[in-house]
Amino acid sequence: MAWIKELDGEIQGIYTSKENAIADAIAQGTEKELTSSELGIKQKAWRNQKLKDTDWIVPVTDHPERASHLIYRTKLRDWPSTDDFPETRPTL
Numbered sequence: 196m197a198w199i200k201e202l203d204g205e206i207q208g209i210y211t212s213k214e215n216a217i218a219d220a221i222a223q224g225t226e227k228e229l230t231s232s233e234l235g236i237k238q239k240a241w242r243n244q245k246l247k248d249t250d251w252i253v254p255v256t257d258h259p260e261r262a263s264h265l266i267y268r269t270k271l272r273d274w275p276s277t278d279d280f281p282e283t284r285p286t287l
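All residue numbers for the sequence shown refer to the working numbering, where the first residue is 196 and numbers rise by one.
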């Protein structure tokens, strides 16, 4: 299924998921007020990107910051099931 973003009858973007459409709208400043559900989607998209950004360190066993990155990645994965979600993002 494709999600199409439209403004005044003109297609602004075509997305593979609702999450991507919302994340793009927020990034462009066209999404003003988020519902609780949309905020959760936005935060999960942010989290997924942070996990992708830190994928490189997992196989690097001798990196001096590997342990802290692995803990951070665990916090990212667990975040949606905590009381801090979606307001407080995990930090490295």
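Here a beta-carbon is modelled for each residue, glycine too, at the ideal position from N, C-alpha and C.
Let's test the definition: count the other Cβ atoms within 10 Å of the Cβ of residue i and tell me whether it reaches 16, buried, or not, exposed.
i	result
I206	exposed
L246	exposed
R242	buried
I209	exposed
Q238	buried
Please go through the same chain and pick out, in chain order, the residues whose beta-carbon is closer than 8 Å to the beta-carbon of residue i, but skip the five residues on each side of it.
i	result
L287	S263, H264, Y267
My assumption, with CB atoms under 8 Å, is that residue i sits in contact with residue j. Please give the rounded CB distance.
i	j	result
E214	A240	5 Å
W274	P285	5 Å
Whose C-beta lies closer than 6 Å to the C-beta of residue i among residues of the same chain, with five residues either side of it excluded?
i	result
D278	none
Figure out for me which residue from the options has the closest Cα to the Cα of residue i.
i	options	result
T269	D250, T211, T256, D257	D250
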